[in-house]
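>
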Amino acid sequence: FEELVIEIHDELAVEIFAGAADSIFVCAGIGVQLDVVGALDYVWSPAGVFDDPNGPDPFANPATDTMVYVVGTLGVCFDVDSIFLDVVDPQVEIEALGPIGICQGDTIALNADNNVGNSGLQWTSNSTILDPLNSPVVDIAPLFNTTYTVTVQIAGCTDSDQITINVDPFAFPELTFTDTFICQNYSVTLANQITGVTTKYLWTSNPNDPTLTTPAASGPTVTPEVSTVYTLIATSQNAFCADTTTASVT
Numbered sequence: 008f009e010e011l012v013i014e015i016h017d018e019l020a021v022e023i024f025a026g027a028a029d030s031i032f033v034c035a036g037i038g039v040q041l042d043v044v045g046a047l048d049y050v051w052s053p054a055g056v057f058d059d060p061n062g063p064d065p066f067a068n069p070a071t072d073t074m075v076y077v078v079g080t081l082g083v084c085f086d087v088d089s090i091f092l093d094v095v096d097p098q099v100e101i102e103a104l105g106p107i108g109i110c111q112g113d114t115i116a117l118n119a120d121n122n123v124g125n126s127g128l129q130w131t132s133n134s135t136i137l138d139p140l141n142s143p144v145v146d147i148a149p150l151f152n153t154t155y156t157v158t159v160q161i162a163g164c165t166d167s168d169q170i171t172i173n174v175d176p177f178a179f180p181e182l183t184f185t186d187t188f189i190c191q192n193y194s195v196t197l198a199n200q201i202t203g204v205t206t207k208y209l210w211t212s213n214p215n216d217p218t219l220t221t222p223a224a225s226g227p228t229v230t231p232e233v234s235t236v237y238t239l240i241a242t243s244q245n246a247f248c249a250d251t252t253t254a255s256v257t
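Below is the structure:
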């Protein structure tokens with residue numbers, strides 16, 4: 008009689024990352040280490056993506072999004088698994104929704120334009136984390152020149168951008184009056200005196216008043232001989248702020 012020998016092998020279960028995911032993010036230009044279990048010998052494809060297409064833990068560095076496959080064999084048994092490599096190249100850029108030179112006390116909005124859906128987005132200022140953490144838009148009101156940084160992070164890939172908001176202090180004087188009557192040869196002070204500031208003041212008169220001898224003072228004293236309108240233009244050091252007002256003397 009003839010003897011027939013039948014060998015029975017367990018069914019293979021080849022799994023990339025032990026079946027943890029069907030797709031993973033991969034940093035552009037950095038790549039990722041893969042891992043497969045369940046067989047003895049392996050063949051990865053497309054082979055050009057891998058440093059070792061026949062190893063159990065090859066390094067993959069795809070240039071674009073790629074579906075990769077591995078065939079695992081043990082004797083005459085084989086199994087196949089696959090995983091999608093989603094290549095990400097995070098980019099973020101700050102857009103100021105207004106002038107980046109502002110007057111002290113003003114508010115400006117900053118927008119973080121990014122390509123990762125705000126993943127891992129974080130705003131900081133002088134190493135201080137701003138709130139809200141993951142909002143692409145923040146409203147800020149710095150009291151002095153301040154640099155803001157935004158960072159996005161996904162799958163270990165990061166990108167960041169910075170912007171500096173320049174701030175001018177601004178001291179506008181309080182008028183003594185807006186409209187007043189005085190006797191002839193009497194003097195009046197147009198506004199309160201402010202010293203030690205960087206704000207620039209310029210008073211003009213109509214008609215011209217020769218007694219307006221300190222037009223660069225915040226509150227000059229004048230002795231008009233006729234009814235006169237005085238106009239003040241105040242400007243901050245870098246012209247980020249400006250305001251004007253008038254006072255009439257009759």
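Start counting the sequence shown at 8; every next residue gets the next number (my numbering).
Here a beta-carbon is modelled for each residue, glycine too, at the ideal position from N, C-alpha and C.
1. How do the region 128 to 146 and the region 188 to 202 stand: do at least 3 beta-carbon pairs fall below 8 Å, yes or no?
2. Could you tell me whether the Cβ atoms of residue 128 and residue 147 are closer together than 8 Å?
3. If we count the other Cβ atoms within 10 Å of its Cβ and call it buried at 16 or more, is residue 223 buried or exposed?
4. If you measure between the beta carbons of residue 213 and residue 236, is that distance less than 8 Å?
5. Excluding sequence positions up to five away, which residues of its chain have a Cβ less than 6 Å from the Cβ of residue 68?
6. What does a CB cutoff of less than 7 Å around residue 74 pick up in its chain, not counting 5 residues either side in sequence?
7. Determine whether the beta carbon atoms of residue 58 and residue 41 lie at a separation below 8 Å.
8. Comparing C-alpha positions only, which one of 204, 251, 199, 249 sits nearest to residue 226?
9. Starting from the Cα of residue 218, find the closest Cα among 159, 208, 229, 251 and give me that residue.
10. Does DSSP classify residue 26 as helix, strand or coil?
11. In this structure, how does DSSP classify residue 55 when only helix, strand and coil are distinguished?
12. When we look at the beta-carbon of residue 36 and count the other beta-carbons within 10 Å, is it buried (16 or more) or exposed?
13. With a CB to CB cut of under 7 Å and the five nearest residues on each side skipped, what residues in its chain are close to residue 9?
14. Is it true that the CB of residue 21 sits closer than 8 Å to the CB of residue 1?
15. Is residue 157 buried or exposed, if buried means 16 or more other CB atoms sit within 10 Å of its CB?
Looking at the atomic coordinates:
1. Contact between the region 128 to 146 and the region 188 to 202 is not established, with fewer than three Cβ pairs separated by less than 8 Å.
2. Position 121 of the sequence shown, counted from the start, is the residue given in the question as residue 128. Position 140 of the sequence shown, counted from the start, is the residue given in the question as residue 147. Against a cut-off of 8 Å, the Cβ pair of residue 147 and residue 128 comes out as no contact.
3. Here residue 223 corresponds to residue number 216 of the sequence shown, with the count starting at 1. By the neighbour-count rule (16 or more Cβ atoms within 10 Å), residue 223 is not buried but exposed.
4. Looking up residue 213 in the sequence shown gives position 206. Looking up residue 236 in the sequence shown gives position 229. Contact: yes.
5. Mapped onto the sequence shown, residue 68 falls at position 61. Closer than 6 Å at the Cβ level, and outside the excluded window around residue 68, lie 38.
6. The sequence position of residue 74 within the sequence shown is 67, counting from 1. If the five residues before and after residue 74 are omitted, its C-beta is found closer than 7 Å to the C-beta atoms of 89, 91, all from its own chain and listed in chain order.
7. Numbered from 1 along the sequence shown, position 51 holds the residue referred to as residue 58. Numbered from 1 along the sequence shown, position 34 holds the residue referred to as residue 41. For residue 58 and residue 41, no; Cβs fall outside 8 Å.
8. On the sequence shown, residue 226 is found 219 positions in, with the first residue counted as 1. Nearest to residue 226 by C-alpha distance, out of 204, 251, 199, 249, is 199.
9. Taking the first residue of the sequence shown as position 1, residue 218 is located at position 211. Of 159, 208, 229, 251, the residue nearest in Cα terms is 229.
10. Locating residue 26 in the sequence shown gives position 19, counting from the first residue. Three-state DSSP puts residue 26 in a helix.
11. Here residue 55 refers to the residue found at position 48 when the sequence shown is read from its first residue. If DSSP states are grouped into helix, strand and coil, residue 55 belongs with the helices.
12. The residue you call residue 36 lines up with position 29 of the sequence shown. By the Cβ neighbour-count rule, residue 36 is exposed, with fewer than 16 other Cβ atoms within 10 Å of its own.
13. Within the sequence shown, numbered from 1, the residue matching residue 9 stands at position 2. Excluding positions up to five away in sequence, the list is empty.
14. The structure shown has nothing for residue 1, since the chain only spans 8 to 257.
15. Position 150 of the sequence shown, counting from 1, holds the residue named residue 157. The C-beta of residue 157 has 16 or more other C-beta atoms within 10 Å across all chains shown, which makes the residue buried.
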